[in-house]
Amino acid sequence: MRYLVVSDIHANQAALEAVLADAGAFDGVWCLGDIVGYGPEPNECVSRLRDYDLVCLAGNHDWAALGRLDLSSFNGDARAAVTWTDRTLRPEVRDFLEGLPSYLEQGGFTLAHGSPRQPVWEYILDPLIAAINFAYFSTQYCLVGHTHTPVVHALDAEASVCRVRAPRYGEPLALDDSRLIINPGSVGQPRDSDPRAAYGVLDTDAHTWEHRRVAYPVDETQNRMRQHGLPHRLVARLQYGW
Ligand code: ZN
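Going by the working numbering, the final residue of the sequence shown carries number 257, and the count climbs one at a time with no gaps.
Put into structure tokens, the structure is as follows:
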């Protein structure tokens with residue numbers, strides 16, 4: 016089976032459509048959370064994903080829009096976007112988000128939005144945090160999002176450390192005996208200084224993982240954000256990928 020793996024779409028429909036068009040044929044979509052928050056099309060992005068055979072997690076921004084999180088840990092711009100999203104969500108979209116888990120096991124993979132240790136909140140930003148997290152899942156591979164940065168952390172079990180592998184786009188990585196934590200990066204708000212949408216393709220027959228990147232019309236999303244009065248800083252950052 017060939018799965019499209021996406022995370023942190025953040026209500027950016029133009030980015031999501033570019034990914035869907037670029038991915039080629041796939042059997043299903045695995046989404047690692049944060050479908051909504053920041054961007055201008057939360058309802059449209061949820062409905063679009065539901066066109067496919069979908070396995071989906073909730074992220075911290077999905078929970079925030081549902082009023083399930085204390086917003087004091089969000090900065091002012093994120094809070095303004097959460098409030099707008101909360102007002103904008105249609106009832107059936109809200110119901111769908113309410114029913115999502117934040118952690119699950121699927122076909123030999125553990126899926127978590129942030130980390131297996133703390134699925135909603137923890138950011139796996141460095142090899143030390145990655146190494147600690149290998150004790151918190153029992154499958155060979157784990158897929159996470161949340162940092163908006165594509166990366167693979169490979170456990171070196173003998174040395175009890177993690178090695179970081181930067182993404183090599185379009186070059187499939189063989190899934191061998193190594194235990195891995197893989198992050199596909201963010202579809203709708205990349206933060207690695209590359210504004211293109213990031214995603215991954217998992218081929219469970221060929222046993223490969225592939226990081227992908229695709230450009231999308233950033234200005235379309237920015238214009239819609241301005242129309243809705245979303246914060247200027249959130250509009251500007253899309254163009255720079257930070
Ligand atoms: Zn996010």
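Each residue gets a CB set at the ideal place from its N, CA and C atoms; glycine is no exception.
Three Cβ pairs or more, each shorter than 8 Å: is that satisfied between the stretch 122-137 and the stretch 159-170? yes
Is ASP92 near ligand 1, judged by its Cβ being under 6 Å from some heavy atom? no
Do TYR156 and VAL21 have their beta-carbon atoms positioned less than 7 Å apart in this structure? no
Mind listing, in chain order, the residues whose beta carbon lies closer than 5 Å to a non-hydrogen atom of ligand 1? ASP23, ASP49
What residue range does the alpha helix (DSSP H) around THR125 cover? It is not in any alpha helix (DSSP H) - THR125 instead sits in the beta strand (DSSP E) that spans 124-127.
Report the rounded CA-to-CA distance for GLN237 versus ALA95, giving the unit in angstroms. 16 Å
Where in the stretch 187-244 do unbroken runs of the beta strand (DSSP E), each at least 3 residues long, occur, reported from the N-terminal end onward? 195-198, 212-218, 223-229
Within the present structure, is the beta-carbon of GLY74 separated from the nearest heavy atom of ligand 3 by less than 6 Å? With respect to small molecules bound, the structure shown includes ligand 1 and not ligand 3.
First through last residue of the alpha helix (DSSP H) which encompasses LEU112: 106-113
Would the stretch 61-69 and the stretch 79-86 be scored as touching if the rule is three or more Cβ pairs under 8 Å? no
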